[in-house]
Amino acid sequence: MNNWKLWLRILLAVLSVAGALCIAPVMLIAPELRQIAEENFGLPSDHMEVAEALHPAAGPFVAADDDPQRNHARELARLDRAALFVEGDQKPFLAQWPVSIQQTGDCTSFALAHAIRDRICVQVAAGRRQKVVEPFPPYLYGAARRSVGAPHIPCGKNGSHPSYAVIALKKFGFITKEEAGQPYSGSLADRWGCSGPPSELMQLGKSRTGDYHRCLTADDVCRAICNGYPCLWGTSFRPAAYEQRDGREVTSRVGSWAHAMEIVGYDGTCSTDPDRQYFLVRNSHPPTDHPEPLGDEPDSSFWITRKQLEADLKAPNSRTPPSGEVYAISDVSGFPAESIDWSSLDRLLKDPAK
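Each residue of the sequence shown is one higher than the one before, starting from 281 at the first, in our numbering.
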C-alpha cells in the first residue's frame, strides 16, 4: 500500500511539472498578444461610433463624368506612380516620395497628407499645370482635434478621428511646411494638437480647402481609386503576416491595432476572385516595419485583398459597427473624373523601350 501511495505522489508531481511546462509558454506569449491588441498609433477607440454619427449612410461614390454603371473591378490604378512624373522639394523626377514617418499618435494626419499630395500628383500627371505641395501634418492634426466642434481628445492624449479630420480639411484646408515656417516633429504635432494651429495659419489654410466622400464598400473604394482619388483608411486591421502572391507582398490580419493609413492603388487584373484583387496601402512607419516591395511600390507599403477590405468595412451585426472607415480625398471641392490610362503606364514602366 505504501508503495502505491509513493507512486501516486510521483505521478502527481510529474503531472504538475508537465502542466507548468505547458502553461509557461502561454504565460510568456500572453503579454505580447496583449501588447499587440492594445497597440495604438493614433486612432481613438471610438472612431467608428463617431464616424457613424458624423457621416451616416453616404451614397455610392461617383466621380463627375464617370459612368455610374461602369464596373472598375478588373481595372488597374496605381496612383502612387503619378509621383514619378512630378518633382518636389524632397524628390527628383522619376522617383517615389521618400517615406514620411510619424513621431507621435498623428497617423490620421499623415494618411490625409499623403492622400492630398498624391491626389495633386494625379492631376499633374493628367496634364494640369500645378505645383505639387506637401501638406503639413501638424496643421491637419491640430485642426482635426481642436477646430471642428468641441475638443474631442484631451491634451496629453494622442490621436485624432478620421471623421473629424476630413471635416477639418473641408472647412480649414491645409498648409505646407514652408508656410508653417518650421519642420515636422512629434512635439510640434502634440503642441498644435492641444492648442490648435496658430490663427494666422488657419486663415491661410482656408484658401486651400478640399473635399471628401465616405466609402462604405470595397466597390466604393475601388471606384474612387480608379477615378484618381486616394483614400484615408482608419482601421483596427493589423498587417502582421505576409505572403508573396501575384508578384507582390500581400498581408493578412493578425491581431489588431488602432491606426490610419492611405489607400493609394488598386489592381484587379489578376482575377475575378476578390481574394486576388488588391488594394495598395501606404503607411507612415519605417520601411523596416514591412517587407521590401517586390515591384516598384513605395517603401513602407503593402497590399491587402479586396475581400479583406470588404470585411473591414462591413458591420458584423446590427449592434456592432464595422472596424474600418474609408474616405476618398480631393484637394478641391467636388470629385471630377481623371482620364489617365493606368494600364498603359504600367506597360511603359515594365518595358521602357516601348
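Beta carbons are placed, not taken as given, at the ideal position from N, Cα and C, and that holds for glycine.
Counting only the same chain and skipping the five closest in sequence on each side, list residues whose C-beta sits under 6 Å from that of residue i.
i	result
Pro311	Caution is warranted here: a pLDDT of 32 is assigned to Pro311, below 50, making its placement in the model unreliable, and the coordinate value is therefore given only provisionally. Counting only Cβ-Cβ distances below 6 Å, and skipping sequence neighbours, we find nothing.
Ala395	Pro510, Leu512, Glu542, Ile609
Gln376	Ala363, Pro578
Gly422	Trp472, Gly473, Gly476, Pro477
Arg503	Phe341, His352
Asp398	Leu359, Pro510, Val544
Phe582	Pro519, Glu529, Thr531, Val561, His570
Val366	Cys401, Val404, Val412
For the alpha helix (DSSP H) containing residue i, name the first residue and the last one.
i	result
Asp592	586-593
Trp472	466-475
Ser564	Counting along the chain, Ser564 falls outside any alpha helix (DSSP H), and DSSP gives it neither H nor E.
Ser443	442-452
Glu329	327-334
Glu459	457-460
By the DSSP assignment, the beta strand (DSSP E) with residue i in it spans what residues?
i	result
Val544	528-547
Arg358	356-358
From the DSSP output, read off the bridge partner residues of residue i.
i	result
Lys371	Gly368
Glu523	Val530
Gly514	Ala540, Glu605
Ala617	Answer by DSSP bridge pairing: none, since Ala617 is not bridged.
Asn320	Ala538
Ala344	Pro616
Trp583	Val530, Leu560
Ser610	Asp491
Thr600	Asn597
For residue i, which residues from the same chain have a beta carbon less than 8 Å from its beta carbon, with the 5 sequence-adjacent residues on both sides left out?
i	result
Asp621	none
Glu459	Phe416, Leu481, Leu484
Pro305	With a pLDDT of 29 at Pro305, under the threshold of 50, the modelled position of this residue cannot be trusted; read the value that follows with caution. So the list is empty, once near-sequence residues are dropped.
Gly466	Gln382, Gln383, Thr384, Asp386
Lys371	Ala363, Trp377, Pro378
His393	Sequence inspection shows Ala at residue 393; the His mentioned does not correspond to that position. Correct list, in chain order: Ser380, Glu414, Pro415, Phe416, Pro417, Leu420, Phe454.
When every heavy atom of the ligand NAP is checked, does at least one fall within less than 8 Å of the C-beta of residue i?
i	result
Arg556	Of the ligands one can find in the structure shown there are none, so the ligand NAP has no counterpart to examine.
Which whole-angstrom value describes the C-beta separation of residue i and residue j, a residue pair presumed to lie in contact below a C-beta threshold of 8 Å?
i	j	result
Ser603	Met328	7 Å
Val379	Asp579	5 Å
Glu529	Pro573	6 Å
Gly514	Ala540	4 Å
Pro554	Glu590	7 Å
Thr388	Ala445	5 Å
Cys506	Glu355	5 Å
Asp369	Arg562	Not a contact, Cβ separation roughly 19 Å.
Apart from the five residues just before and just after residue i, which ones in its own chain have a Cβ nearer than 7 Å to its Cβ?
i	result
Ala338	His493, Arg494, Leu496
Gly614	Ala344, Asp491
Phe390	Ser380, Gln382, Pro417, Ser564
Gln462	Leu468
Cys302	No answer about Cys302 holds up, because its pLDDT of 32 lies below 50 and its placement is not dependable.
Leu374	Leu364
Pro324	Ile433, Gly439, His441
Ala521	Thr531, Ser532, Val534
Lys594	Pro602
Trp284	Because the pLDDT of Trp284 is 44, which lies under 50, any placement of that residue in the model is unreliable, and the number read from its coordinates should be weighed accordingly. Same-chain partners within the cutoff: there are none.
Ala498	Arg586, Leu589, Glu590, Leu593
Arg488	Gly453, Phe454
Val297	Summary for Val297: the model assigns pLDDT 36, below 50, so the residue's position carries little reliability; its value from the coordinates is reported in the next sentence. Within the same chain, Val297 has no close Cβ partners at all.
- request: Would you mind listing the alpha helix (DSSP H) stretches within the segment 480-507 that are 4+ residues and don't spill past its ends, in chain order?
  value: 498-506
- request: Only counting runs of 3 or more residues, tell me where the beta strand (DSSP E) segments fall wholly within the segment 374-427, in order along the chain.
  value: none
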